[in-house]
Amino acid sequence: MKAMKILVTALFVLTLANGASFAGDLSMNGSTTVLPIAQAAAEKFMESHGEVTISVSGGGSSNGIKALIDGTTDIATASRFIKEKEVEAAVAGGAYPVPFGIALDALLPVVHPSNGVTDLTTEQLRKIYTGEITNWKEVGGADQPIAVVGRDTSSGTYETWDEKIMAKEKITPKAMVVASNGAMVQTVAQNKLAIGYIGIGYLNDSVKALAVDGVTGSAETARSGLFPVSRYLYMFTRGWPEGDVLNFINFVLSDAGQEIVASTGYVPVR
Amino acid sequence: MKDQSALKADRLPRALIAAVATSGLAIMLFILFFLLKESLPALRETTLGELMTGAFWYPTAEPAEFGLLPLLMGSVSVTLLTSALALPFSLGLAVFLAEVCPSALREIFKPLLEILGFFPSVVLGFLGMVVLAPWLQERFSLLTGLNLLNASLLMGIMILPIVASLAEDALSSVPRDLRDASYALGATGFETTWRVVLPAALPGILQACLLGVMRAIGETMVVLMASGGAALIPRSVMDPVRPLTSTIAAEMGETPIGSAHYHVLFFAGLLLLIMTLSINVGALWIERRGRKWRT
Numbered sequence: 244m245k246a247m248k249i250l251v252t253a254l255f256v257l258t259l260a261n262g263a264s265f266a267g268d269l270s271m272n273g274s275t276t277v278l279p280i281a282q283a284a285a286e287k288f289m290e291s292h293g294e295v296t297i298s299v300s301g302g303g304s305s306n307g308i309k310a311l312i313d314g315t316t317d318i319a320t321a322s323r324f325i326k327e328k329e330v331e332a333a334v335a336g337g338a339y340p341v342p343f344g345i346a347l348d349a350l351l352p353v354v355h356p357s358n359g360v361t362d363l364t365t366e367q368l369r370k371i372y373t374g375e376i377t378n379w380k381e382v383g384g385a386d387q388p389i390a391v392v393g394r395d396t397s398s399g400t401y402e403t404w405d406e407k408i409m410a411k412e413k414i415t416p417k418a419m420v421v422a423s424n425g426a427m428v429q430t431v432a433q434n435k436l437a438i439g440y441i442g443i444g445y446l447n448d449s450v451k452a453l454a455v456d457g458v459t460g461s462a463e464t465a466r467s468g469l470f471p472v473s474r475y476l477y478m479f480t481r482g483w484p485e486g487d488v489l490n491f492i493n494f495v496l497s498d499a500g501q502e503i504v505a506s507t508g509y510v511p512v513r
Numbered sequence: 007m008k009d010q011s012a013l014k015a016d017r018l019p020r021a022l023i024a025a026v027a028t029s030g031l032a033i034m035l036f037i038l039f040f041l042l043k044e045s046l047p048a049l050r051e052t053t054l055g056e057l058m059t060g061a062f063w064y065p066t067a068e069p070a071e072f073g074l075l076p077l078l079m080g081s082v083s084v085t086l087l088t089s090a091l092a093l094p095f096s097l098g099l100a101v102f103l104a105e106v107c108p109s110a111l112r113e114i115f116k117p118l119l120e121i122l123g124f125f126p127s128v129v130l131g132f133l134g135m136v137v138l139a140p141w142l143q144e145r146f147s148l149l150t151g152l153n154l155l156n157a158s159l160l161m162g163i164m165i166l167p168i169v170a171s172l173a174e175d176a177l178s179s180v181p182r183d184l185r186d187a188s189y190a191l192g193a194t195g196f197e198t199t200w201r202v203v204l205p206a207a208l209p210g211i212l213q214a215c216l217l218g219v220m221r222a223i224g225e226t227m228v229v230l231m232a233s234g235g236a237a238l239i240p241r242s243v244m245d246p247v248r249p250l251t252s253t254i255a256a257e258m259g260e261t262p263i264g265s266a267h268y269h270v271l272f273f274a275g276l277l278l279l280i281m282t283l284s285i286n287v288g289a290l291w292i293e294r295r296g297r298k299w300r301t
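Sequence order for the protein chains is S and E. Using my numbering, read the first sequence as starting at 244 and increasing by one per residue. Using my numbering, read the second sequence as starting at 7 and increasing by one per residue.
In structure tokens form, the structure reads like this:
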């Protein structure tokens with residue numbers, strides 16, 4: 244009986260050790276914007292490649308790239324391109340980061356569904372966020388104050404908004420700040436006076452998306468470059484990818500992978 | 007001979023306890039050292055004056071502005087309003103439980119209160135977001151229901167059970183003799199509570215209050231979700247605020263290690279530590295004074 248127990252334990256330990264020594268462990272870290280794609284793609288990939296396990300986490304673009312530089316992750320996902328300083332740090336650490344544009348994201352300005360405004364110009368959006376325009380009637384809405392909601396300054400979404408809309412002007416300190424796309428939808432859906440912005444993947448019926456400069460944010464307008472608030476989403480690898488990493492990147496860029504991108508609400512690159 | 011071996015056997019547990027206690031202390035000191043090491047470089051990038059009096063928080067702008075004043079005021083205002091709202095209720099509840107409530111009812115209330123104290127703050131924050139915020143906005147026709155009052159109400163709900171439960175302990179531990187003596191002198195129930203029991207339990211009650219206040223300063227999730235997050239010095243209780251804790255929580259994740267922003271966030275952590283530490287020292291002082299006063 245005792246021998247049996249020892250045998251079982253030994254077998255158990257062996258399988259564990261075996262599992263850990265398999266090369267099929269991939270880790271992916273980075274942007275919360277890319278997280279839905281990364282998660283769905285990883286699940287599909289693991290279905291067809293049974294020996295590979297992929298762990299996905301979303302600590303933000305900068306975090307992901309940091310992890311890539313430190314070598315603690317195989318793939319960094321990011322909602323912005325890698326910065327020069329980060330490239331230098333990576334090269335100094337012995338890894339050349341290779342970018343893959345895997346999807347497009349359009350940032351949609353959103354308001355409460357009861358809001359009569361349907362279209363704003365980039366200029367109007369900037370003025371609302373700098374605090375110059377404070378009443379909805381100034382942009383063709385009802386005579387009500389505007390509750391401006393922004394994102395925390397270190398998020399990739401904030402960076403894109405800052406770059407595409409704010410033209411480096413400062414957002415008013417009166418703007419409320421929420422910490423995620425989900426919280427933004429929640430906040431705007433609960434507040435008739437609010438305006439916010441979200442990644443296209445987070446849009447649902449509880450909020451209303453506004454057109455920008457007369458262009459409705461959609462897959463087509465983002466890919467064609469017509470929609471002014473859109474950006475590429477990236478996956479970065481340490482050096483040119485090999486083995487499982489290469490297989491995974493190829494999978495994301497394949498038709499099946501891009502279908503996942505579309506199904507999570509983002510815009511396929513092709 | 008036998009005595010000596012007994013002594014030896016005594017030495018081992020003592021050494022073990024000493025080792026555990028020192029390592030605990032060492033960990034605390036290490037955390038403090040780490041906090042200082044990561045926060046002091048902030049003074050190289052900006053000045054102490056700018057940090058403490060700057061009214062604008064634009065940590066990622068070019069050039070960056072690291073004014074911690076609105077964040078500090080956010081923390082202070084939430085803590086003060088929370089205390090003003092919750093402490094009178096907590097103390098009233100404690101007096102009710104300890105002095106007025108029939109003991110059968112108290113056996114039900116006290117555990118219930120203690121369970122309430124473990125209510126996850128994220129659930130409270132969510133309630134604030136989807137229930138309290140729209141109601142506040144509708145009721146007072148505000149720009150937003152996510153504001154100082156919302157966060158303080160939720161935080162009040164959070165610290166109420168803690169303060170009430172601790173204060174009730176303090177009141178219950180006042181010796182029965184004191185009450186009996188008071189009644190024997192012809193005092194009424196109210197006079198006994200007000201002039202005898204409360205003063206005797208005062209150090210314990212104050213400590214309970216300070217613990218509640220400390221919890222309010224350090225709380226992160228509720229303010230992150232319900233306070234609105236605008237880095238403004240609040241002018242009214244309906245203004246959105248951005249306390250130090252929620253700023254650290256929201257921004258630390260995506261801040262490059264070693265940047266000025268990173269060090270300033272650690273500096274904000276140091277400020278929080280200094281705030282809670284001074285309250286802690288205050289609590290110790292009160293306790294020591296109370297002990298002297300009682301003997």
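Where is the CB? At the ideal position from N, CA and C, for every residue including glycine.
A Cβ of chain S is located within less than 8 Å of the beta carbon of residue 136(E). It is roughly 6 Å from the alpha-carbon of residue 161(E) to the alpha-carbon of residue 88(E). Here residue 343(S) is bridged, per DSSP, to 478(S). Between the region 251-262 of chain E and the region 130-144 of chain E, the count of Cβ pairs shorter than 8 Å is below three; the stretches do not touch. The Cβ atoms of residue 63(E) and residue 77(E) sit closer than 8 Å to each other. With contacts defined as CB atoms closer than 8 Å, residue 35(E) and residue 273(E) fail to qualify as a contacting pair. Residues of the region 355-379 of chain S with a C-beta atom less than 8 Å from some C-beta of chain E do not occur. Between residue 438(S) and residue 373(S), the beta carbon gap of about 13 Å keeps them out of contact (Cβ cut-off 8 Å). When C-beta atoms of the region 357-370 of chain S are compared with those of the region 452-460 of chain S, three or more pairs fall below 8 Å, so the two segments count as touching. The C-beta of residue 150(E) comes closer than 8 Å to at least one C-beta of chain S. Within chain S, the C-beta atoms nearer than 9 Å to that of residue 64(E) come from 396, 413, 414 and 416, in chain order. The alpha-carbon of residue 467(S) is positioned some 15 Å away from that of residue 350(S). Counting C-beta pairs with one atom in each stretch, the region 280-296 of chain E and the region 218-225 of chain E have three or more that are closer than 8 Å, which means they touch.
A distance below 7 Å between beta-carbons, with the five flanking residues on each side excluded, links residue 281(S) to the following residues of its chain, in chain order: 271, 299 and 320.
Distance between residue 346(S) and residue 318(S), taken at the CA atoms: about 15 Å. Per DSSP, reduced to three states, the secondary structure at residue 268(E) is helical.
At least one CB of chain E lies nearer than 8 Å to the CB of residue 429(S). Residue 199(E) is outside the set of residues whose beta carbon lies under 8 Å from a beta carbon in chain S.
Here residue 428(S) is not near residue 392(S), since their CB atoms are 8 Å or more apart.
Distances from the CA of residue 464(S) to each of 482(S), 348(S) and 269(S) were compared; the closest alpha carbon is that of 348(S). In the three-state scheme derived from DSSP, where H, G and I count as helix and E and B as strand, residue 64(E) is classed as strand. One Cα belongs to residue 370(S), the other to residue 376(S), and the distance between them is close to 5 Å. In this structure, the alpha-carbon of residue 83(E) lies about 11 Å from that of residue 245(E). In the DSSP assignment, the residues bridged to residue 72(E) are 63(E). Of the other Cβ atoms in all chains shown, 16 or more fall within 10 Å of the Cβ of residue 65(E); this residue is therefore buried. In terms of beta-carbon proximity, residue 113(E) stays away from the interface with chain S, with every pair separated by 8 Å or more. Look at residue 424(S): its C-beta is not under 8 Å from any C-beta on chain E. Straight across, the Cα-Cα distance linking residue 231(E) with residue 238(E) is about 16 Å.
If you draw a straight line from the Cα of residue 199(E) to the Cα of residue 175(E), it is about 15 Å long.
Here residue 355(S) is near residue 450(S), since their CB atoms are less than 8 Å apart. In the three-state DSSP reduction, residue 193(E) falls in the coil class, being neither helix nor strand.
Residues of chain E with a Cβ closer than 9 Å to the Cβ of residue 501(S) do not exist; the shortest Cβ-Cβ separation is about 27 Å. Within the same chain, 272, 273, 274, 316, 319, 320 and 321 come within 7 Å of residue 307(S) by CB-CB distance, once the 5 residues on both sides are set aside. Using a Cβ-Cβ cut-off of 8 Å, residue 433(S) counts as an interface residue toward chain E, since at least one Cβ of chain E sits closer than that to its own.
Under the three-state reduction of DSSP output, residue 226(E) falls in the coil class, being neither helix nor strand. Contact check for residue 443(S) and residue 460(S): beta-carbon distance about 6 Å, within the 8 Å limit, so the pair qualifies.
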